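Undergrad: Below you will find the structure I want to go over with you.
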Amino acid sequence: MKAKIVTPTLTIFNQEGAIDYEGNRTLIRHLVDNGVDGVVPLGSTGEFTILPFEEKKRFLEFYLKEINGAVKVLPGTGCINHEETVKLSNFALQNGADGVLVIGQYYYGISQEEIFHYYDFLASRIEGNVYLYNFPARTNSTFEPETVLRLLRKHKNIVGMKESVSSFTHTRDILDLIQGEFPDFQMYSGFDDQFLDNIDYGGQGSIGAISNLLPGLWSGWVKARNMENWEDIMKYKKKIHKLMRLYQLETNCSGLFKAVLKARGLDICSQSMFPFDQVRKESVSEALALIESVG
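Heads up, the sequence shown stops at 299 in my numbering, and the numbers go up one at a time, no gaps.
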């Protein structure tokens, strides 16, 4: 499989905190025109937690119409309420989504048996491709490789996974266990700097948020990897790894990334969700300098 970069897209709001559809259209064009392979609206970077259910539906309907098949669309559809997760997932799929990315239950801790029970319930009711989403820092739990294998053996519509984990060793352990039986399983890294490890170990690529800021840079790295141009691969690797510092500048990167895009000339509002709506000017300045330094 060819390597891919899928962007977990920012959600653009207006100054009053409502979704700015024209601003989101601007962001979509910025990403598609610069070569990303897919988008994930309403993921962690998209601040999905603050949006009411019906607003999520309206936004996904807009998004799918706007993309219109230009790139893959894998909306984040995980909700606190499992029935709403099923309803939102099927709504997205019925409106043309290529699959849905579903984060596990968060707030409460959850055992491996409960993780299996949860996704078993969802996969049996979602009428299309399901991508598991493992983000231990947000869910206080993680998928053990054996749990992933159990789910794949029971549900043919579980076709991929996003792994937002600090160590690629965990992803490797999952792939070691499942690849012989499920060679077409699509594994994405959630952190930009794990892209090469992911591809080298048989994964699909990255769902990395830095691609919101520099989609051309990111798609260039993907192209270099697919062409096995190792000089360019290492050049891009150094740049992306240096840019990982961006995630450390604010407690929530979404507002910072929007402010940076605006400062770099994209016609969007930089409003972010409360209480992360007070991005420090120093963070924006440091981010801009960091981006400038990679060329």
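C-beta atoms are modelled at their ideal positions from N, C-alpha and C, and glycine is treated no differently. A quick note: this is a predicted structure, and the numbers were derived from the prediction, not measured.
Within 10 angstroms of its Cβ, does PRO219 collect 16 or more other Cβ (buried), or is it exposed?
TA: As a first step, residue 219 must be located in the sequence shown, where it is residue number 215. When all chains shown are included, PRO219 counts as buried.
Undergrad: In this structure, does DSSP put LEU11 in helix, strand or coil?
TA: By 1-based counting over the sequence shown, the position of residue 11 is 7. Checking the displayed sequence, the identity of residue 11 turns out to be Thr instead of Leu. Strand.
Undergrad: Got a sec? Which residues, its chain only, sit under 6 Å from THR175 by beta carbon, not counting five neighbours each side?
TA: Along the sequence shown, read from residue 1 onward, the residue named residue 175 stands at position 171. The answer, listed in chain order, is GLU167.
Undergrad: What does GLN190 pair with, by DSSP beta-bridge criteria?
TA: In the sequence shown, residue 190 corresponds to position 186, counting from 1. According to DSSP, GLN190 bridges with GLY164.
Undergrad: Given this structure, state the Cα-to-Cα distance separating VAL298 from MET238, to the nearest angstrom.
TA: Locating residue 298 in the sequence shown gives position 294, counting from the first residue. Locating residue 238 in the sequence shown gives position 234, counting from the first residue. Their backbone Cα atoms lie some 13 Å apart in a straight line.
Undergrad: So LEU105 and GLY80 are in contact, right, with Cβ under 8 Å, and what is the actual spacing, rounded?
TA: Within the sequence shown, residue 105 is the residue found at index 101, counting from 1. Within the sequence shown, residue 80 is the residue found at index 76, counting from 1. The Cβ separation is near 5 Å, so the contact holds.
Undergrad: For the 8 Å Cβ check, are there 3 or more pairs between the segment 60-67 and the segment 92-103?
TA: Yes, since at least three Cβ pairs between the segment 60-67 and the segment 92-103 fall closer than 8 Å, the two stretches touch.
Undergrad: If you pair each beta-carbon of the segment 228-236 with each one of the segment 169-185, do three or more pairs fall below 8 Å?
TA: Because the criterion of three Cβ pairs below 8 Å is not met, the segment 228-236 and the segment 169-185 do not touch.
Undergrad: From which residue to which residue does the beta strand (DSSP E) around ASN138 run?
TA: On the sequence shown, position 134 is the one that residue 138 refers to. Here the beta strand (DSSP E) through ASN138 covers 134-138.
Undergrad: Could you tell me whether the Cβ atoms of LYS158 and ASP124 are closer together than 8 Å?
TA: For this step, residue 158 is matched to residue 154 along the sequence shown. For this step, residue 124 is matched to residue 120 along the sequence shown. A contact, by the Cβ cut-off of 8 Å.
Undergrad: State whether the segment 269-284 contacts the segment 251-260, with contact taken as three or more CB pairs (one from each stretch) at a distance under 8 Å.
TA: Because the criterion of three Cβ pairs below 8 Å is met, the segment 269-284 and the segment 251-260 touch.
Undergrad: Check whether the Cβ atoms of ILE178 and PRO149 sit closer than 8 Å, and answer yes or no.
TA: Looking up residue 178 in the sequence shown gives position 174. Looking up residue 149 in the sequence shown gives position 145. Contact flag set, yes.
Undergrad: How many Å lie between PHE199 and SER215 at the Cα?
TA: For the purposes of this step, residue 199 is taken as residue 195 along the sequence shown, with counting starting at 1. For the purposes of this step, residue 215 is taken as residue 211 along the sequence shown, with counting starting at 1. Approximately 12 Å, taken between the alpha carbons.
Undergrad: Anyone know if the C-beta pair for ARG129 and VAL90 falls short of 8 Å?
TA: Numbered from its first residue, the sequence shown carries residue 129 at position 125. Numbered from its first residue, the sequence shown carries residue 90 at position 86. It is a contact, given that the beta carbons lie within the stated cut-off.
Undergrad: Give me the Cα-Cα distance between TRP222 and ILE119, rounded to the nearest whole angstrom.
TA: Here the question's residue 222 lines up with position 218 in the sequence shown. Here the question's residue 119 lines up with position 115 in the sequence shown. Approximately 33 Å, taken between the alpha carbons.
Undergrad: Could you work out which residue in ASP102, SER48 and LEU126 is closest to ASN301 when comparing CA atoms only?
TA: Residue numbering for the chain in the displayed model covers 5 to 299; residue 301 lies beyond these limits and cannot be assessed.
Undergrad: Specify the secondary structure class of PHE17 as computed by DSSP and reduced to three states.
TA: The residue given as residue 17 occupies position 13 in the sequence shown. PHE17: strand per DSSP, three-state reduction.
Undergrad: If I'm right that TYR67 touches PRO45 with Cβ under 8 Å, what's the distance once you round it to whole angstroms?
TA: Sequence index remark: in the sequence shown, residue 67 carries index 63 (1-based). Sequence index remark: in the sequence shown, residue 45 carries index 41 (1-based). With 8 Å as the limit, TYR67 and PRO45 qualify as a contact, their Cβ atoms being about 5 Å apart.
Undergrad: Please give me, in chain order, every unbroken run of the alpha helix (DSSP H) with length at least 4 that falls completely inside the segment 83-162.
TA: If we require 4 residues or more, the alpha helix (DSSP H) runs fully inside the segment 83-162 come out as 86-98, 116-127, 140-143 and 149-158.
Undergrad: On the DSSP letters alone, give me the boundaries of the alpha helix (DSSP H) that VAL264 sits inside.
TA: The count along the sequence shown starts at 1 and reaches residue 264 at position 260. Start and end: 257-267.
Undergrad: Helix, strand or coil for GLY224, going by three-state DSSP, please let me know.
TA: The count along the sequence shown starts at 1 and reaches residue 224 at position 220. Correct three-state label for GLY224: helix.
Undergrad: Who pairs with ILE214 in a beta bridge, going by DSSP?
TA: As a working mapping, residue 214 is identified with position 210 in the sequence shown. Bridge partners of ILE214: none, in fact.
Undergrad: Along the beta strand (DSSP E) that carries VAL43, what are the first and last residues, could you check?
TA: Here residue 43 is taken as the residue at index 39 of the sequence shown, counted from 1. Run containing VAL43: 42-44, per the beta strand (DSSP E) assignment.
Undergrad: Check the C-beta distance from VAL10 over to TYR137 and give it rounded, since I have them as a contact under 8 Å.
TA: Locating residue 10 in the sequence shown gives position 6, counting from the first residue. Locating residue 137 in the sequence shown gives position 133, counting from the first residue. Not a contact, Cβ separation roughly 12 Å.
Undergrad: Give the range of the alpha helix (DSSP H) segment to which LYS288 is assigned.
TA: Along the sequence shown, one-based indexing puts residue 288 at 284. This sequence places Val at residue 288; Lys is not what is there. It spans 285-298 - the alpha helix (DSSP H) in which VAL288 sits, taken as one unbroken run.
Undergrad: If we ignore side chains and look at the alpha-carbon of each, how far apart do LEU31 and VAL264 end up?
TA: For the purposes of this step, residue 31 is taken as the residue at position 27 of the sequence shown. For the purposes of this step, residue 264 is taken as the residue at position 260 of the sequence shown. Their Cα atoms are separated by approximately 13 Å.
Undergrad: Are ASN99 and GLU65 closer than 8 Å when you measure CB to CB?
TA: The residue you call residue 99 lines up with position 95 of the sequence shown. The residue you call residue 65 lines up with position 61 of the sequence shown. Against a cut-off of 8 Å, the Cβ pair of GLU65 and ASN99 comes out as a contact.
Undergrad: Beta carbon of ASP102, beta carbon of LYS76: below 8 Å?
TA: On the sequence shown, position 98 is the one that residue 102 refers to. On the sequence shown, position 72 is the one that residue 76 refers to. Against a cut-off of 8 Å, the Cβ pair of LYS76 and ASP102 comes out as a contact.
Undergrad: Can you give me the C-alpha to C-alpha distance between LYS262 and ALA7, rounded to a whole angstrom?
TA: Position 258 of the sequence shown holds residue 262. Position 3 of the sequence shown holds residue 7. Answer to the nearest angstrom: the Cα atoms are 26 Å apart.
Undergrad: Considering only DSSP beta bridges, list what VAL77 is partnered with.
TA: Here residue 77 refers to the residue found at position 73 of the sequence shown. Answer by DSSP bridge pairing, in chain order: VAL43.
Undergrad: Residues in its own chain within less than 6 Å of PHE172 by CB, not counting five upstream and five downstream?
TA: Taking the first residue of the sequence shown as position 1, residue 172 is located at position 168. Here the set comprises GLN198 and ASP201.
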